[in-house]
Structure formats: structure tokens, C-alpha cells
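Residue numbers (this note's numbering), protein chains in the order written: chain F, 1 to 620; chain W, 621 to 967.
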């Protein structure tokens, strides 16, 4: 098998969106992942969108069981997995039925012909075989009997028929690798490493991959072959990273930068569990990953660890964050550092566990009892989760407060190339604990007052084990300064005000306006909408439209210049994967006429959607 | 954790001698006059000087309820957390700070109702906590509702014609939750409390002691049938490891095995040799469980003392051993190497 990526005669395209779709058992996530990895190593820019059902194995062959993985690869800077696929790989009739409408007109459709038999067609709701009619006339249809060809090449290897059939996704991967000129070696290396010691499986997957690759050549698909060249990236070392992986590494980094052991308390929940999995692997950094009995224990243990001097972290999704609410308010009252990570998903309740949404902003902002303000930060891309995890930790440790970090299912599972930062250039997070008395009592004796604040209204932390500084703290209102229980009305009013003020005083960087600062229309975003908004706005500015863009990392406190920036623009559009939550905040904060652009389908915005809606606002 | 926090402990040299007053905070104790919690507090404050521990290494963690005010009265480190969650908070602290002696104090509502899940999991894991479950069979701080240990038929503000839910037996529950140490004592016998609390302290792992406590305002005399001085000898069965289980003014009663459990017998009827010899250390908790079922409620002869003390691996150590083992094998984590642990490419 020659490495197709280096053939000079193949025509180049600037970008390509491929969607792999099949049954949950067909290995589409793995196929997409491998294609992505090979493309990343080849040097493309890329963005991915894995989409899979909540059930581990929905009934085979049904529409409910379709699992898909979309990836855009390009020779230039991109921010989204693409508006619509140019290529759809459909491993069975259900995948074709559910995803065909996404494919661009005239797009390439690659199907596993073997699966288009009576039972599967019926399960997908086809009365006749679409491969035999005219339904697909508007597409470039490539049919390959993937299952039988895979079984054929595996027969002589002594692989069981069932195992051979499982390798058909590697046939599909081989075929698209040939068609789109991907390097093959990374995939072969991966197969060898992944299935080490399982010789037959290695042989079957390699054979299927080679057969798919050869199919492209022998079936005379040469006219279909294109290449997407490497994108110009800044010099550096790159890796392809998912949001949850970047977030977990950011927590490890925050531990190193602060010199504190990281303690993660977590309870399994989609789409946050990968953070627990990843941190469980990094014990050599002194990281303790604790799988608690429930969400409440997870945050309780994290807060207990923070009290003892760790960087206490808990990670969950909306339903779990709701359960943690009471303990988060305790952390507000105790003024202890705590990092709460919310990987948002479709809600309310179980909602759409494997689909994305950003409906927890107002819960993060207001979803606690009493007046309990806390800082909120949000990541904008998968790799940004690394930096935001460090920033959230910095705020928590510096200001001794719980901090909520918002990510979502799209960022968590999506991936992109990431230029590795120089770890020596990462700013340290200085943390000091109290070691001596800070007050003289009425009797002239020195004392430790746990709520005697500094200029930033931050209280000292004396860790248990520190001689002489024994003190008691609790959820009951405390007298400012001494920290003793106090039911005094004036003190409570004072403490409520101090708790608000100390969050308001947290220093966050000003927002930067991208695009025309005098534009009529400003698109304001937060979280994972950054990619779609940036691409959509760029398309408009490239053809001469005046549009500006602002994206928020810090949602509480808001950047100091935000009000002034917002007031400079006649129209403010706020695309959000919710019914308009940031809109409510900026309207009440700045009295500006911000308009909500909502999408709550469980899928991220596309650049095209942002382009259209912004264009509409420009025409108003 | 491999390197326990670099905080300035004076964990070198001799532990300074302390007296009761060293363990008393400057806060006014605000339990109702006559509350059983006073004697529990006194027992603890008298015991701690005898244990040779440092005040700064001692932490009291509590949830919500009358008993949960305990930390405020101790001149140690302390956190008054939220309802039911003290075992969870304490678990995170104990896992990361094995240098501390952590006491968890809570009532029957706190530990068995709203926090029941955390309690059973702390016991199951065997995390190093000294857990005092102060049982008064009532919700006191909320002014008198039935609790998870209130008896069926109990008349309270929230059960005006009688509670209908079967109560928990905390010792049975703890044994069922795989606890490695389970004991019971009561607030009218300081010496017994101290003896049992010392055993709780000595146990490496989760140690639970149920303390029968009188709430003289909302449930006065709940344990009077067995703890009153005049009846105590006939009604409390003091378990002693390695000794035949006997009780009564004349030691005339005892406990013997019966098919499927244990029973109260008259020694004169069966002879001393037929009595059950108490063994705290048996791996199988069945006999301890049977002993916990001898009395339906605190109205008939009831065992107190240590039901079970059967050491097994402590959770925090197991966790930190894994961390130490992996760190030894792979070397201390290197962030730059971590970032390069997936396939990378150069531009």
C-alpha cells in the first residue's frame, strides 16, 4: 500500500467535511477518531463533532442506534466541524436515512452495500432499496460491499467470521484514506499498538484497512481522489486534543503551578466522566481522583480536601451540579477554594445526555440559595479548556472562592490541533497559608481571626495541623473578622455585601473587539459558540460587511469594559445554545437591546447559521 | 499523598501535655440545660488530654443538628458543614491529610436520614474517621419531628397519631455496611463513654459509635428504661472481648447462641459454659449482628460496648499507597511530558 498522501497528481481542495455514520456497533467513533488523528499528523487544521446515542447499544440497525462522527479538515485556519458534510459514509440503511439530508447537494456518498438487505432496510423504514432507485441520483454514489470484502480478506487469516465482520469499519477507513490522500502509517501503527498481543485482530484490521485502500484504486475511483493540504500553523509541537482531555491536563497543570495536590471528587455522568478517567491515570502528579457515592459526596469531599490544603475540584454535568448546589453555597460561606466543572448537556433532567447545550449559565450564576455569588468562566474551544482550567484554579486559589467552569458536550468530545504551550512560561499560582497570629485579642493575647480580610477582601487560610491557629468555621453566619457565630442583623447585611463585593473585585481581562469597532452589528458570545460565530462573522467581513465580535471567557465578574463596548453598537446579537441566558444578564447589567439567537437542538451552531442571522440583522 | 502538605506542623518532639480546659473553646455552650450532649462533650474533653494528641492535629467535623454544634465548643480545628454531609467532607480531608485525627459528630437525623448514604459509604470504604452518632430518636433542632430511629407509634409534631415507619437500628445498619468497628455507649456513663471513645480513637479505619443521648425537651427519658442508674445493671449488657456475655445485679443473666441467632438466658438454667464468649474480632459479622438484634428498642436488655473491632485495610492508606507506588514506578509526574503523551507533530 503506497502512502497516498504524497502523490503529486492528485487535485487539492481547501477543505473537506466528512461524516462517518453507522450503527452504534459499527465503530464509527473509532473510525472518525483515526481519520482525524491521521489528518492531524498530516498537518491539517481540523475540528470534530462526535454524535452518538445515549444507549450503549440501541437496537441494531434502527434510526435510534445511529452513531456519527463529523470532521472538517482544511488547509487553513478553521473553527467548526463544518456546516454540512461533503462526504457521507453510511454503513447501513439507518445511517443513510437519518443523515442523508445533511449531505451537500452533489456530495459524495459512500455506502456499505452489503448492509442494504431486506431486514436492515425495513428497520430503517425503507420500502425499497434506495441504492436501486433514483433517490440518490443527486449524489456521487460509491457502493462497496464492505462486509463481504472484509470477510473475504480475513478468511485465510483464520479469523472468526464474527470478528472479521467487526473489522469492516477499517475497510471504510482504508477507502476514505485512499480517496482523501491520508497517510496510512499512523493508522497501521495505531492498530498494532491498540491490539498488541491480539495477533488475529491486528491481522484482520490491517487486512480490512488494506482492502479498503486497494478498493479505491481498483474500482477506478481515481477521479474522486483529492487531497487537503496541510494548513500553515505557527511553528511548534502540536497534538490533537479533546476538550475533556485538555481540561484534565489543565487541572494537573494547575496543581503543578500552585504546588498544591489536586483532589477530584466526581461521580460518573455523561459527558463529564472522561475527566475522572483521565485524572485517575495521573497519580504520579500526586492527583487524587475519588469516585464518590454520589454527586453531593463528590463535591463535599472536594471541599474537605480544599479545607486541608488541596486544590479541590468536582466535575459533573447539569443534573449533578444541581445536586451540588447546597455544598457550593457552603463553600461560598466558608470562603474556601473549590473548582466546580459543569460539562453542559441537553436538559432539563436527563434530557439529551450525549448532546450539547449551554443551558446552565443562569444556574451557574444564580442557582443557589441565599445571596451566593461566585466567579464563572467558560471555555471556547477544546484546547482552550486547558487554559481555562488553569484560570479557574487561579481565581479559586487566589480569591478563596468556589468557581464554576462551564464547558459543554461539544467541546468535551470534540477535538482540534493544539500547539503545546511551553510549560515553563505558564504563570505560577502563588498560594500562601497562614502560619501565625493576625490579631490581638481584648485580653492582649495574640489570636488568629479566620475572617480578618486583606485589601482584596480575601480571608487567611490556616490549615488544620498549623500550631496555635485552631479555629472553627461553619455554614452559620459569621462575625466578620473573628469568624465567630453571629446572628447580628447588621453583621449579616455587611457579610452579604462583602461576599458580593469580593467577587465583583476579582480582576478579569477586558474584552477584545474582533472586526470593525464601529460596526452596526456586534455578535456577542460565550462558550463553544466561539467557533461558529468567528467563522460566520469572518465570512461576512471578508465580503465587506461591517460586523464586530466579542467573546466572553469571564461571565462573572464581567469584564470592566464590556458595557462600554456593547453601547458602541446599534444591534447586539447573542447566539446561545439556550433560550437566551447571557442576553438576560447583559440586558439587566447594561440596559442594552441585546437580541437572543437560540439553538436548542442538541447540536452546535454552524457558521452558516451565524452568517445568515447576522446578515439578516445587517439588512434590518 | 506522597508529600503531605508542606505546612508547618510541629510534628516533632514530644506532644505537649494538655488538660481539659485546653480543649474547651471560648464559645458559650448553647445546648438546652439538661441536654445529654453536655456529658458527651465533657467525656471527650476529658479523654483527649489522655490520648497524647496535638490540638492542632485534631479536627471535629459535623453536619446539622443539636449534636452538630460540637465543633464550636472544641479548641481544635473544626468545621460545621451542612446537613448530612459531614462524612463526605471528612472523607476528602481524611484521604488527603492522614496526619490528622478526624472526629465526625452528628445526630440520628443527620447521619441516618439525610446523610445515610455518606455514612454507609464511609463505613464501607473504611476511611480513618472517628464517627460519633449521637442518637436521641428525635429531631431536636427543628423542634420535635420523628427521626429515622423513632419507634413506630411515636407521637411527634409530624406524627400526631403515631409514626408509621420502622426505625433503623444504627448498630445493625453499620454492621450491614461492612463497618470494621462498631460500638454503643450512652450519655449517663462518662467512664463507659471514655472507654469506648478511646477504642474508637485507637481504631485505624472508620469507627462508629452510637451514643444513646437524652433529649430532655423533645424526647425525655427515651432511654430511661435501660440507662437509669437503678435499672442499668439489669438492662445494659456490657460486651467485653474474650469474656462470657453476662449481666444483671447478680450476673444472673447471660447470652447464649440459639439456632439463627442469640438469646438471653438465665445462667442458672444453662451454666456458664453455655454462654457466648464475646469476640469483637471475628471476620464474620453475623454474631455481632445477632447481638445488635437482642433488643427491639431501648426497653429490654440491650448490649453496649464494642460489638465489632476487626481491622482491615484503611481506605486513605490504600489510595495514598497507589499514588506512592505509581510515583515510584514512573517517577514524579512531568507536565511537559504529559502534554506530549499523545501523538504529536512538529510544524
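Don't be surprised by glycine CBs; every beta carbon is placed ideally from N, CA and C.
Bear in mind that the values here come from a model prediction, so they are computed numbers and not experimental data.
How about residue i and residue j: do their beta carbons lie closer than 8 angstroms?
{"i": "residue 622/F", "j": "residue 86/F", "result": "Outside the shown range of chain F, which is 1 to 620, sits residue 622/F, and nothing can be said about it."}
{"i": "residue 309/F", "j": "residue 302/F", "result": "no"}
{"i": "residue 113/F", "j": "residue 66/F", "result": "no"}
{"i": "residue 408/F", "j": "residue 531/F", "result": "no"}
{"i": "residue 410/F", "j": "residue 604/F", "result": "yes"}
{"i": "residue 685/W", "j": "residue 707/W", "result": "no"}
{"i": "residue 817/W", "j": "residue 926/W", "result": "no"}
{"i": "residue 292/F", "j": "residue 279/F", "result": "no"}
{"i": "residue 143/F", "j": "residue 151/F", "result": "no"}
{"i": "residue 98/F", "j": "residue 52/F", "result": "no"}
{"i": "residue 476/F", "j": "residue 705/W", "result": "no"}
Who are the neighbours of residue i on chain F, taking C-beta pairs under 8 angstroms?
{"i": "residue 645/W", "result": "472"}
{"i": "residue 753/W", "result": "Neighbours of residue 753/W on chain F: none; closest Cβ ~18 angstroms, over 8 angstroms."}
{"i": "residue 676/W", "result": "464, 465, 466, 467, 468, 469, 470"}
Report buried or exposed for residue i, applying the criterion of at least 16 other Cβ atoms within 10 angstroms of its Cβ.
{"i": "residue 625/W", "result": "Unreliable positioning characterises residue 625/W in this predicted model, as indicated by a pLDDT of 45, which lies under 50. The coordinate reading is nonetheless provided below. So residue 625/W ends up on the buried side."}
{"i": "residue 4/F", "result": "Only weak support is given to the placement of residue 4/F: the predicted model assigns it a pLDDT of 48, under 50, and the value that follows is read from those uncertain coordinates. Buried, by the Cβ-count rule."}
{"i": "residue 56/F", "result": "exposed"}
{"i": "residue 275/F", "result": "buried"}
{"i": "residue 218/F", "result": "exposed"}
{"i": "residue 122/F", "result": "exposed"}
{"i": "residue 400/F", "result": "buried"}
{"i": "residue 932/W", "result": "exposed"}
{"i": "residue 623/W", "result": "Reliability fails at residue 623/W, whose pLDDT of 43 lies under 50, so the model's placement of it is uncertain and the value that follows must be treated cautiously. Its Cβ having fewer than 16 others within 10 Å, residue 623/W is exposed."}
{"i": "residue 570/F", "result": "exposed"}
{"i": "residue 782/W", "result": "exposed"}
{"i": "residue 324/F", "result": "buried"}
{"i": "residue 368/F", "result": "buried"}
{"i": "residue 147/F", "result": "buried"}
{"i": "residue 185/F", "result": "exposed"}
{"i": "residue 439/F", "result": "exposed"}
Could you please give me the residues that DSSP links to residue i through a beta bridge?
{"i": "residue 575/F", "result": "597/F"}
{"i": "residue 238/F", "result": "419/F, 965/W"}
{"i": "residue 312/F", "result": "263/F"}
{"i": "residue 179/F", "result": "Bridge partners of residue 179/F: none, in fact."}
{"i": "residue 129/F", "result": "Residue 129/F pairs with nothing; no bridge assigned."}
{"i": "residue 478/F", "result": "485/F"}
Start and end of the beta strand (DSSP E) containing residue i?
{"i": "residue 20/F", "result": "15 to 23"}
{"i": "residue 858/W", "result": "856 to 859"}
{"i": "residue 900/W", "result": "From DSSP, residue 900/W is part of no beta strand (DSSP E); its letter is neither H nor E."}
{"i": "residue 751/W", "result": "750 to 755"}
{"i": "residue 682/W", "result": "678 to 682"}
{"i": "residue 342/F", "result": "338 to 344"}
{"i": "residue 883/W", "result": "881 to 886"}
{"i": "residue 526/F", "result": "521 to 526"}
{"i": "residue 643/W", "result": "No beta strand (DSSP E) holds residue 643/W; DSSP gives it neither H nor E."}
Which residues in chain W have a C-beta closer than 8 angstroms to the C-beta of residue i? List them in chain order.
{"i": "residue 252/F", "result": "953, 955, 958"}
{"i": "residue 484/F", "result": "647"}
Starting from the beta carbon of residue i, find every residue of chain F whose beta carbon is closer than 7 angstroms, and list them in chain order.
{"i": "residue 939/W", "result": "288"}
{"i": "residue 699/W", "result": "307, 473, 474"}
{"i": "residue 696/W", "result": "470"}
{"i": "residue 720/W", "result": "464, 465"}
Name the chain W residues that come within less than 7 angstroms of residue i, Cβ to Cβ?
{"i": "residue 265/F", "result": "712"}
{"i": "residue 302/F", "result": "712"}
{"i": "residue 285/F", "result": "953"}
{"i": "residue 450/F", "result": "Under the 7 angstroms cutoff, chain W gives no residues; its nearest Cβ is about 10 angstroms from residue 450/F."}
{"i": "residue 666/F", "result": "This structure cannot settle anything about residue 666/F, because the visible part of chain F is limited to 1 through 620."}
{"i": "residue 293/F", "result": "737, 738, 741"}
{"i": "residue 310/F", "result": "716"}
Could you tell me if the beta carbon of residue i falls within a distance shorter than 7 angstroms of some heavy atom in the ligand HEM?
{"i": "residue 291/F", "result": "Among the components of this structure there are no ligands whatsoever, and the ligand HEM is therefore not found."}
Taking residue i as the query, report the chain W residues whose CB atoms sit under 9 angstroms from its CB, ordered along the chain.
{"i": "residue 233/F", "result": "967"}
Please compile the residues from chain F whose C-beta is within a distance smaller than 9 angstroms of the C-beta of residue i.
{"i": "residue 692/W", "result": "472, 474, 476, 484, 485"}
The alpha helix (DSSP H) spanning residue i covers which residue range?
{"i": "residue 205/F", "result": "199 to 218"}
{"i": "residue 334/F", "result": "318 to 334"}
| said: Give me the subset of the region 649 to 660 of chain W whose CB atoms are less than 7 angstroms from a CB atom of chain A, sorted by chain position. | reply: Here the protein chains are F and W, and chain A is not one of them.
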